[in-house]
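Structure first, then comments.
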Amino acid sequence: MDQDIFEITREPIDKAGLEQRLLTGAAGAIVTFDGVVRNQTKGRPVVSLQYEAYAPMAVKEMRRLGDEIRERWPEVDRIGIVHRFGELKISESSVVIVVTSPHRRVAFEACRFAIDRLKQTVPIWKKEIFEDGEVWVEGQLPD
Amino acid sequence: MDQDIFEITREPIDKAGLEQRLLTGAAGAIVTFDGVVRNQTKGRPVVSLQYEAYAPMAVKEMRRLGDEIRERWPEVDRIGIVHRFGELKISESSVVIVVTSPHRRVAFEACRFAIDRLKQTVPIWKKEIFEDGEVWVEGQLPD
Amino acid sequence: MKIKVLLFGSCREAVGSGEIDLELSDTAVAGDAWASTTQRFPSLGQFERSVLLAVNEEHASKETKLKDGDTVAIFPPVSGG
Amino acid sequence: MKIKVLLFGSCREAVGSGEIDLELSDTAVAGDAWASTTQRFPSLGQFERSVLLAVNEEHASKETKLKDGDTVAIFPPVSGG
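Residue numbers (the numbering used here), protein chains in the order written: chain F, 22 to 164; chain Z, 22 to 164; chain A, 39 to 119; chain D, 39 to 119.
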């Protein structure tokens with residue numbers, strides 16, 4: 022749909038603004054997933070996460086993901102996916118996914134599907150920065 | 022948990038503020054459900070929704086719902102539930118539920134459970150206002 | 039004993055008031071508050087099969103025992119969200 | 039033909055550069071771009087079993103045919119979110 026939103030950005034994600042841009046009178050439910058940087062991984066304190074994106078391909082893959090959602094859940098009203106890259110501190114948002122729908126079931130299912138799928142198909146990588154080192158997070162091989 | 026939030030309010034819900042109040046460094050996922058007033062019901066244009074709450078009991082039931090969530094999903098970090106009452110126009114939020122968790126699965130499941138359960142147990146009622154009439158929405162009988 | 043009755047939603051509307059006071063016998067249960075209110079406001083009768091009760095802000099059944107000063111709430115199935 | 043190779047994540051780090059240019063035969067496939075890059079940067083060899091390829095911003099396999107001016111991307115399994 023023309024009014025869906027798929028973006029890769031270096032700036033902090035404006036979650037409330039994104040939800041506002043997607044909201045129409047047809048929506049009765051807005052489900053938002055916000056992935057934020059956690060302060061530890063397996064007990065080891067995290068300083069920050071460094072995200073790297075293959076931006077033009079990432080936006081294409083997000084659009085494809087949007088198409089897949091609309092095919093599975095035609096009732097969805099609007100989809101928004103924004104992924105940030107660069108260095109993110111604790112509690113900063115790396116990705117925000119918003120799905121609106123007349124009813125809540127579809128919005129929940131589609132939003133959850135979107136983040137699961139994004140982690141498999143959208144070309145973005147992250148490195149965990151610890152006080153005494155750094156480690157690339159191992160991705161899942163696609164299905 | 023002491024820092025969970027359960028509120029009934031006549032004012033517009035400050036969703037971003039609520040999320041901010043609930044966010045700790047332990048969270049990796051924030052799942053937010055936002056119920057907004059839809060512009061129609063079964064094709065009939067809606068003017069507004071009128072919500073009425075038994076406020077002190079509603080807050081008690083929300084706390085109980087919070088306890089139930091923590092029992093089922095001990096991994097949950099924070100829970101916030103705010104329900105508004107009074108007359109709400111199209112696209113205004115009637116209820117916002119925020120669940121944060123280290124990982125996303127639990128946040129999705131607990132958030133969805135919370136809105137399903139709230140609709141069964143929390144003493145709030147709504148009336149749909151149409152251009153030419155008004156109708157109390159029939160609630161579900163509890164399990 | 040004295041009981042305060044609160045009414046909500048379509049039950050409130052049928053009665054035309056959100057709060058009434060009742061005088062009940064000392065062995066009264068929540069169902070007696072319901073029966074007494076329905077007697078005073080017959081329009082409530084339509085809710086006989088679906089009505090829910092709460093005593094002092096806790097879900098209750100018609101068998102729940104009352105004591106002086108209790109608050110009984112009468113309402114239809116909830117429809118928030 | 040001339041091919042542009044982009045590298046991301048740990049593959050980029052292993053090579054020490056995010057972009058290199060290759061000259062390949064006219065019948066080359068994406069796997070040839072991978073082989074040629076690995077030959078130049080043996081540290082890439084560690085990714086042999088997990089590496090993913092894209093051609094012109096679309097997921098591709100080692101068999102995907104190339105043409106002059108194509109962009110091949112080389113990267114490990116994605117880990118965004």
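Using N, Cα and C, we set each Cβ at its ideal position, and we do this for glycine too.
No experiment lies behind these values; they were computed from the predicted model shown.
Just to make sure I have the definition right: I need the residues of chain F whose C-beta is within less than 7 Å of the C-beta of Z:S112. Which are they?
L44, G46
Of all the residues that make up the region 78-101 of chain D, which are near chain F by a beta-carbon distance shorter than 7 Å?
Cβ contacts with chain F come from S88, A92, E95.
Cβ neighbours of Z:I118 in the same chain (closer than 6 Å, five flanking residues each side left out):
F54, I102, C132, A135, I136
Assuming F:E108 and F:Q61 are in contact, meaning their beta carbons sit under 8 Å apart, how far apart are those beta carbons, in whole angstroms?
Between the beta-carbon of F:E108 and that of F:Q61 there is about 17 Å, and that puts the pair past the 8 Å contact cut.
Do the CB positions of D:E86 and F:M78 come within less than 8 Å of each other?
In this structure, F:M78 does not lie closer than 8 Å to D:E86 by Cβ.
Integer Cβ distance of F:E40 from F:W94, believed to fall under 8 Å:
With 8 Å as the limit, F:E40 and F:W94 do not qualify as a contact, their Cβ atoms being about 18 Å apart.
Nearest to F:E12 (by Cα), restricted to the options F:H104, F:D25, F:G154
The structure shown has nothing for residue 12 of chain F, since chain F only spans 22 to 164.
Residue ranges of each beta strand (DSSP E) within the region 47-96 of chain Z, 3 or longer
50-57, 65-74
Given A:G69, which residues of its chain have a CB within under 6 Å of its CB, disregarding the five upstream and five downstream residues?
K100
Candidates D:K103, D:Q77, D:I112: which alpha carbon is nearest D:V89's?
If we check each option's Cα against that of D:V89, D:I112 comes out closest.
Step through the CB atoms of chain Z and report whether any lies within less than 8 Å of the CB of A:A66.
no
Using the beta-carbon of each residue, which ones in chain F are nearer than 9 Å to D:A111?
Y75, M78, P144
Member of D:P114, D:V53, D:G47 whose CA lies at the smallest distance from the CA of F:E155:
The candidate whose alpha carbon is nearest that of F:E155 is D:G47.
Over the uninterrupted beta strand (DSSP E) stretch that includes F:F151, give me the two end residues.
From DSSP, the beta strand (DSSP E) with F:F151 extends over 145-151.
Quick check: the Cα distance between Z:R91 and Z:V52, rounded to an integer number of angstroms?
16 Å
Quick check on D:G47 - is its C-beta less than 8 Å from some C-beta in chain F?
Interface criterion met: the Cβ of D:G47 is under 8 Å from a Cβ in chain F.
Are D:A71 and D:L60 touching if we call contact CB-CB under 8 Å?
Closer than 8 Å, so yes.
Could you tell me which of F:G49, F:V143, F:P123 sits nearest to F:I29, measuring between CA atoms?
F:V143
Using a Cβ-Cβ distance under 8 Å, would D:S55 count as near chain F?
no
According to DSSP, which residues form a beta bridge with D:F46?
According to DSSP, D:F46 bridges with nothing at all.
Simplified DSSP state of Z:G38, which is helix, strand or coil
In the three-state reduction of the DSSP assignment, Z:G38 falls in the helix class, which pools H, G and I.
What do you reckon, is the C-beta of F:I111 under 7 Å from a heavy atom of the ligand GTP?
Looking at this structure, you won't find the ligand GTP or any other ligand, since it has none at all.
Cβ-based burial, Z:G56 [other Cβ within 10 Å; buried from 16]:
That one is buried.
Contact with chain F by D:V116, beta-carbon distance below 8 Å:
yes
Quick one: does Z:G56 have its CB under 8 Å from some CB of chain F?
yes
What is the DSSP secondary structure of D:D156, reduced to helix, strand or coil?
This structure cannot settle anything about residue 156 of chain D, because the visible part of chain D is limited to 39 through 119.
Tell me the DSSP secondary structure of D:G83 in three-state form.
helix
Using beta carbons (cut-off 8 Å, strictly below), is F:L109 in contact with chain D?
Residue-level contact by beta carbon fails for F:L109 and chain D, as no gap is shorter than 8 Å.
Report the residue from A:R78, A:S63, A:T65, A:I41 whose alpha carbon sits nearest the alpha carbon of A:G54.
A:R78
So is F:E73 buried or exposed if we call it buried at 16+ other beta carbons inside 10 Å?
buried
Would you mind reading off the limits of the beta strand (DSSP E) that contains Z:F134?
Note, Z:F134: premise wrong, no beta strand (DSSP E); alpha helix (DSSP H) at 125-142.
Quick one: what does DSSP say A:V53 is sitting in, helix, strand or coil?
Residue state, collapsed to three classes: helix.
To which residues does DSSP link D:K40 through a beta bridge?
D:E61
Between the alpha carbons of F:V165 and F:S115, how many angstroms are there, rounded?
Nothing about residue 165 of chain F can be read from this structure; chain F reaches only from 22 to 164.
Using the Cβ count rule (16 or more neighbours within 10 Å means buried), how would you classify F:R99?
buried
According to the Cβ coordinates, are F:R65 and F:F27 closer than 8 Å?
no
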